Amino acid sequence: MMDDMADFSLIVQLSRRELIHVLESIPGQKDLVVESGLMRPLDKIASMSLLIEHGVPRVQQLKVDGTISWDPNLQERVFVCRSTIANMRKVAEYIRADSSRTYHMVMVDRNRNICGIELEKYGVYGQIYFHELNLYVVPLESDIFSLELPEPSIKSTNDSFPAMARALWQLQCLYGIIPVSYDFGEQAKKLEHNLKQIFLEQGEPTASADRPISHMIVFDRNLDLPSVLLTGLTYESMLNDCFQYSCGKIIFGEAVENKLKNKNNSGKSKAYSLSNSDVIFSAIRNKHMTSVFPFLSTKAKTLQSSYDKASAMSKVDEVKSFVANELKSLKEQHKLLEVHICACETVLEMNKGCTERLAVEHSIVKGLFEPSEVMNYIENLVCRQHTPWQVLLLMCLWSISSNGIPFRHFSTFRTLFLHAYGYEHLTTLFHLGSAGLLIEAASPSTMGFGQRTLRAVNTNFNHIAKSLELIPRTGSNFKSEASYVFSDAYTPVIIRILELLVDEGWESASLRKAFKDVYTSCSNPTTPKPDNRIRKAILVCFPGGVTYSEIAALRKLAQDKNFRIIIITSHIISREHFLISYTE
31 MMDDMADFSL IVQLSRRELI HVLESIPGQK DLVVESGLMR PLDKIASMSL
81 LIEHGVPRVQ QLKVDGTISW DPNLQERVFV CRSTIANMRK VAEYIRADSS
131 RTYHMVMVDR NRNICGIELE KYGVYGQIYF HELNLYVVPL ESDIFSLELP
181 EPSIKSTNDS FPAMARALWQ LQCLYGIIPV SYDFGEQAKK LEHNLKQIFL
231 EQGEPTASAD RPISHMIVFD RNLDLPSVLL TGLTYESMLN DCFQYSCGKI
281 IFGEAVENKL KNKNNSGKSK AYSLSNSDVI FSAIRNKHMT SVFPFLSTKA
331 KTLQSSYDKA SAMSKVDEVK SFVANELKSL KEQHKLLEVH ICACETVLEM
381 NKGCTERLAV EHSIVKGLFE PSEVMNYIEN LVCRQHTPWQ VLLLMCLWSI
431 SSNGIPFRHF STFRTLFLHA YGYEHLTTLF HLGSAGLLIE AASPSTMGFG
481 QRTLRAVNTN FNHIAKSLEL IPRTGSNFKS EASYVFSDAY TPVIIRILEL
531 LVDEGWESAS LRKAFKDVYT SCSNPTTPKP DNRIRKAILV CFPGGVTYSE
581 IAALRKLAQD KNFRIIIITS HIISREHFLI SYTE
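Every number in my numbering is 30 more than the matching position in the sequence shown, counting from 1.
Below is the structure:
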């Protein structure tokens, strides 16, 4: 069972079989058109050779602003997509352009009612055969699995809960019910409700003596927004900030490729795979950026030493052995090393002068800052024409860490921001305020007069940070090693929760104190705390997304505590997209 659990192979096989079943139910050869955001997740469960085997000679992307080159010889046309209004309008456009073909729609999110209304509006609903496909989880790495949902927008904040509940239900059907679940926050409460609903409708998974997971922690994203807003300083986190990185693939673009000796001259941006199969990336992905270049430099010297050793060989047998056993690996490592050196250089160039920003971020989260100094820095960012999202990340961090920004500074910022970036961002500020991410601090003079007061998304942050010692203090007896992801300025909340559960169990006084005003529950309080001696994994669930900084910190904790920690998430958070989603 643990071998299958190593990569969730059973649940991935299930998604693959469902896809094959759908394709086999559609006769003959077919044109397959896949929503652009689903291309990479689909690639994780089905290879092109498998698709060809089941009647799909090629795959095209469904883009709202794109076009499709149909094969005139194929009668069957198949769309694989989510039920967004934009997708439905585009599909309707294609159907109305040629109604003589047979159309199929494979829905991956079950919101058929939404798409039905839109398709009926365009008069094409009756021309479509509908199918369902469950992409339960996509394996990004051996310890992280994602539903690869889009960043939730204002109108789709609850989309992840039914999908995550289905994935957890299917996971437990295959691997045995998880005996203990710890829930933290309202998102965990909603997920628990959805999971119970599925248990009632589909039946509860059976218990298994050899179940590979002993405990599950469900964590509300809103309990730790600083881990999203702070600049993560691991290599993988900074790659995610700087480039198009999703589903284990990254497009570096010209900035990196122009530095390579063997440039990509095809004119198309190349997508590179980033995973533990890349021995260089595996070694540096979780390292702090200050440690990456020294490692790459040492690795370059080691590879050169191996080449020099080969050059000095005088015996034919030695040369033959080297060519047969080592040369291919050395060439591959040399190629990967060059890519990561160039990527690392580009990341540092793109973050030139970030020392000042990091100092401001860290002073804000520690509560050791002068508001006027932060405002001066914000003005400098605006003058240097940084993106509006880079400015808003800092202001949201200030708002969350201080439970609102004082009126004088908020008013000054609002005027400055709108003047610099345009009054179309009035809605941006409104939506961020409504979400509790960017608000004006309530003052005694403005309270009690009946006006609308915006509430911070997490008014308990300072209490939680103090109770869990998230901010390292001089003379403190506690310091989490995992805080390295933010240069020891801050420890992600999930790390302290796990440390306390492993060390003290559910009855931890520190946990009770920290979350006294937050929804928490334990499915089986009398069960012993997690124990690494029983060799069972801990599943950490993020229905609201996870950052690469938190992933690196969890890996560090797993190593230190000698536990296997598996992460399941709705999606990987990109910091700027996190804010942009609130305005879409």
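Cβ atoms here follow ideal geometry from the backbone N, Cα and C, with glycine treated the same way.
Since the model is a prediction, treat every value here as computed from it, not as a measurement.
{"query": "Own chain partners of Cys203 with C-beta closer than 7 Å, once the 5 adjacent residues on each side are dropped", "result": "Pro235"}
{"query": "Coarse secondary structure for Ile208, derived from DSSP in three states", "result": "coil"}
{"query": "First and last residue of the uninterrupted alpha helix (DSSP H) at Ser540", "result": "Ala539 to Ala544"}
{"query": "Own chain residues within Cβ distance below 6 Å of Ile247, not counting five before or after", "result": "Tyr212 and Val570"}
{"query": "Neighbour-count burial assignment, His223, 16 or more Cβ in a 10 Å radius", "result": "exposed"}
{"query": "Rounded separation between Met32 and Pro242 - CA only", "result": "Here Met32 scores only 47 on pLDDT, less than 50, and its place in the model is too uncertain to base an answer on."}
{"query": "Near the ligand ADP: Ser497 beta-carbon under 7 Å from a heavy atom", "result": "This structure does not include the ligand ADP; it has no bound ligands of any sort."}
{"query": "Bridge partner(s) assigned by DSSP for Met137", "result": "Cys111 and Glu162"}
{"query": "Contact check, Asp61 vs Arg107, beta carbons under 8 Å", "result": "yes"}
{"query": "Candidates Gln43, Cys111 and Lys396: closest to Leu179 by CA position", "result": "Cys111"}
{"query": "Through-space distance from Leu177 to Leu615, alpha-carbon basis", "result": "Nothing in the structure corresponds to residue 615, since the chain is present only between 31 and 614."}
{"query": "Cβ shell of Arg196 (< 8 Å), same chain only, five flanking positions each side left out", "result": "Asn164, Tyr166 and Ile228"}
{"query": "Whether Pro558 touches Phe593 by CB criterion (8 Å)", "result": "no"}
{"query": "The alpha helix (DSSP H) enclosing Gln580, as first and last residue numbers", "result": "Per the sequence presented here, residue 580 reads as Glu, with Gln not at that position. Its alpha helix (DSSP H) spans residues Tyr578 to Lys591."}
{"query": "Assumed close pair Tyr578, Glu356 - CB separation to whole angstroms, cut-off 8 Å", "result": "Not quite, the Cβ-Cβ distance comes to about 33 Å (not below 8 Å), so this is no contact."}
{"query": "Uninterrupted alpha helix (DSSP H) stretches inside the region 505-537 (no shorter than 4 residues)", "result": "523-533"}
{"query": "Phe175 - containing beta strand (DSSP E), residue span", "result": "Ile174 to Ser176"}
{"query": "Spatial distance of Ile280 from Glu470 (CA atoms)", "result": "38 Å"}
{"query": "Beta-carbon proximity check, Val515 vs Gly262, cutoff 8 Å", "result": "yes"}
{"query": "Inter-residue Cα distance where the pair is Val421 and Arg47", "result": "46 Å"}
{"query": "Expected contact under 8 Å - CB spacing of Tyr302 and Ala465 to nearest Å", "result": "Contact flag wrong, Cβ pair sits at about 34 Å."}
{"query": "Span separating the alpha-carbon of Ala17 from that of Ile41", "result": "Past the edges of the chain, shown from 31 to 614, lies residue 17, and the structure says nothing about it."}
{"query": "Segment contact flag, the region 375-383 with the region 327-341, C-beta cutoff 8 Å, min 3 pairs", "result": "no"}
{"query": "Buried/exposed call for Gly478, threshold 16 Cβ in 10 Å", "result": "Its pLDDT being 43, under 50, Gly478 is placed unreliably in this model, and the coordinates cannot settle the point."}
{"query": "Reduced DSSP category for Gln59 - H, G, I as helix; E, B as strand; rest coil", "result": "coil"}
{"query": "For Gln90, the residue or residues it bridges with in DSSP", "result": "Val63"}
{"query": "Nonlocal neighbours in the same chain, by C-beta distance under 7 Å from Gly278, ignoring five residues either side", "result": "Leu170, Ser303, Leu304 and Ser305"}
{"query": "Cβ shell of Glu580 (< 7 Å), same chain only, five flanking positions each side left out", "result": "Ser257, Pro522 and Ile524"}
{"query": "C-beta atoms of Asp139 and Ser113 nearer than 8 Å", "result": "yes"}
{"query": "Exposure label - Gly480; buried when at least 16 CB within 10 Å", "result": "Note that Gly480 scores 39 on pLDDT, short of 50, meaning its location in the model is unreliable; the coordinates nonetheless yield the value given after this. Flag for Gly480 reads exposed."}
{"query": "Whole-angstrom distance between Ile115 and Ile144, CA atom to CA atom", "result": "8 Å"}
{"query": "Inter-residue spacing [alpha-carbon to alpha-carbon] between Lys220 and Asn252", "result": "13 Å"}
{"query": "Extent of the continuous beta strand (DSSP E) run through Phe273", "result": "Looking at the DSSP string, Phe273 is not in any beta strand (DSSP E), and its letter there is neither H nor E."}
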